[in-house]
Amino acid sequence: QVVESGGGVVQPGRSLRLSCAASGFTFRSHGMHWVRQAPGKGLEWVAVIWYDGSNKYYADSVKGRFTISRDNAKNTLYLQMDSLRAEDTAVYYCARWGEGAKMDVWGQGTAVTVSS
Amino acid sequence: DVVMTQTPLSSPVTLGQPASISCRSSQSLVYSDGNTYLSWLQQRPGQPPRLLIYKISNRFSGVPDRFSGSGTGTDFTLKISRVEAEDVGVYYCMQTTQFPNTFGQGTRLEIK
Chain A
147 QVVESGGGVV
157 QPGRSLRLSC
167 AASGFTFRSH
177 GMHWVRQAPG
187 KGLEWVAVIW
197 YDGSNKYYAD
207 SVKGRFTISR
217 DNAKNTLYLQ
227 MDSLRAEDTA
237 VYYCARWGEG
247 AKMDVWGQGT
257 AVTVSS
Chain B
28 DVVMTQTPLS
38 SPVTLGQPAS
48 ISCRSSQSLV
58 YSDGNTYLSW
68 LQQRPGQPPR
78 LLIYKISNRF
88 SGVPDRFSGS
98 GTGTDFTLKI
108 SRVEAEDVGV
118 YYCMQTTQFP
128 NTFGQGTRLE
138 IK
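Heads up: the sequence lines are chains A and B, in that order. Mapped onto my numbering, the consecutive letters of the first sequence carry residue numbers 147 to 262. Mapped onto my numbering, the consecutive letters of the second sequence carry residue numbers 28 to 139.
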């Protein structure tokens, strides 16, 4: 399973770091994604990181502001969010990148609200 | 970016009757390895998304066999053979063939 944490209320322009703790599978063998969902809206893919951290991709909407990283020794995925905007308000989910390029394990999500 | 378009956006269905959701991609989802990375997710009210189908037609572990996926290239379909009350929620198609991965807008399945 995966469990997200670190969400909260933050002012525009400030930073926040989300964490995703993995258990029950070999974390270092799997790529990981962040996906978000704004209130009442659909799903939006945010970022992905390879199993070993060697490659990372981002949605255009967060490129240059968000950084995905991982610590395989701690079985933890991170999302560093800088220069936050109101439009970043969402529930953020981490998801495992399973065989067949599927997102097969999802957490419950952590809510981020960007507001003054 | 690949645009995923779902129809309908809302689907009222009678319990025990079939339901079908279509998903069209703006470009082929066939990857260089010959696979098509098209998935379907279910999101029940107040819950996180859950994987139902991957690579067009492969049912994920624990998913009832009343769910099935089909399609090729750019046109895909999710079918529920007999809708049950627990199927209420929003269904998303998603492509993981290329980055950025993209989702359809979602189709809300509700009981008549």
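Glycine included, C-beta positions come from ideal geometry on N, C-alpha and C.
Other residues of its chain near residue i: CB distance less than 7 Å, five sequence neighbours each side excluded
{"i": "Asp114/B", "result": "Ile107, Leu136"}
{"i": "Gly152/A", "result": "Leu162, Arg163, Leu164, Ser165, Thr256"}
{"i": "Ala236/A", "result": "Arg182, Gln183, Ala184, Val258"}
Test item: CB-CB of residue i and residue j under 8 Å
{"i": "Gln69/B", "j": "Leu79/B", "result": "yes"}
{"i": "Arg231/A", "j": "Val260/A", "result": "yes"}
{"i": "Gly96/B", "j": "Gln33/B", "result": "no"}
{"i": "Phe173/A", "j": "Asn218/A", "result": "yes"}
{"i": "Glu190/A", "j": "Ala205/A", "result": "yes"}
{"i": "Gly253/A", "j": "Val149/A", "result": "yes"}
{"i": "Pro75/B", "j": "Tyr239/A", "result": "yes"}
{"i": "Lys248/A", "j": "Ser66/B", "result": "yes"}
Member of the options whose CA lies at the smallest distance from the CA of residue i
{"i": "Pro127/B", "options": "Tyr203/A, Asp228/A, Trp180/A, Leu189/A", "result": "Tyr203/A"}
{"i": "Pro72/B", "options": "Ala193/A, Thr213/A, Gly186/A, Glu190/A", "result": "Gly186/A"}
{"i": "Gln183/A", "options": "Gly246/A, Glu233/A, Gly244/A, Asp250/A", "result": "Glu233/A"}
{"i": "Gly159/A", "options": "Ser175/A, Phe212/A, Gly199/A, Arg242/A", "result": "Phe212/A"}
{"i": "Gly271/A", "options": "Val181/A, Leu223/A, Val208/A", "result": "Outside the displayed span of chain A (147 to 262) sits residue 271/A, for which this structure offers no information."}
{"i": "Cys59/B", "options": "Gly131/B, Phe130/B, Gln125/B", "result": "Reading off the sequence, residue 59/B comes out as Ser, not Cys. Selected option, being the one with the closest Cα: Gln125/B."}
{"i": "Ser207/A", "options": "Tyr238/A, Met249/A, Val192/A, Gly188/A", "result": "Val192/A"}
{"i": "Gly61/B", "options": "Asn85/B, Gly100/B, Tyr119/B, Gly131/B", "result": "Gly100/B"}
{"i": "Asp110/B", "options": "Phe87/B, Asn85/B, Pro45/B", "result": "Rather than Asp, the amino acid found at residue 110/B in this sequence is Val. Considering only alpha carbons, the answer is Pro45/B."}
{"i": "Cys50/B", "options": "Val117/B, Ala112/B, Asp102/B", "result": "Asp102/B"}
{"i": "Trp180/A", "options": "Gly246/A, Glu245/A, Asp250/A, Ala241/A", "result": "Ala241/A"}
Bridge-paired residues (DSSP) for residue i
{"i": "Phe212/A", "result": "Met227/A"}
{"i": "Phe94/B", "result": "Ile107/B"}
{"i": "Phe130/B", "result": "Met121/B"}
{"i": "Tyr81/B", "result": "Asn85/B"}
Sequence-distant residues of its chain with Cβ nearer than 6 Å to residue i (five each side left out)
{"i": "Gly98/B", "result": "Ile83, Thr104"}
{"i": "Val30/B", "result": "Ser53"}
{"i": "Gln157/A", "result": "Ser262"}
{"i": "Ser37/B", "result": "Arg135"}
Contact set for residue i: own chain, Cβ-Cβ below 8 Å, skip 5 residues either direction
{"i": "Ser229/A", "result": "Gly159, Ser161, Arg211"}
{"i": "Tyr64/B", "result": "Leu56, Tyr58, Tyr81, Lys82, Gln122, Thr123, Thr124"}
{"i": "Gly116/B", "result": "Gln69, Gln70, Arg71, Pro72, Gln74, Arg135, Leu136"}
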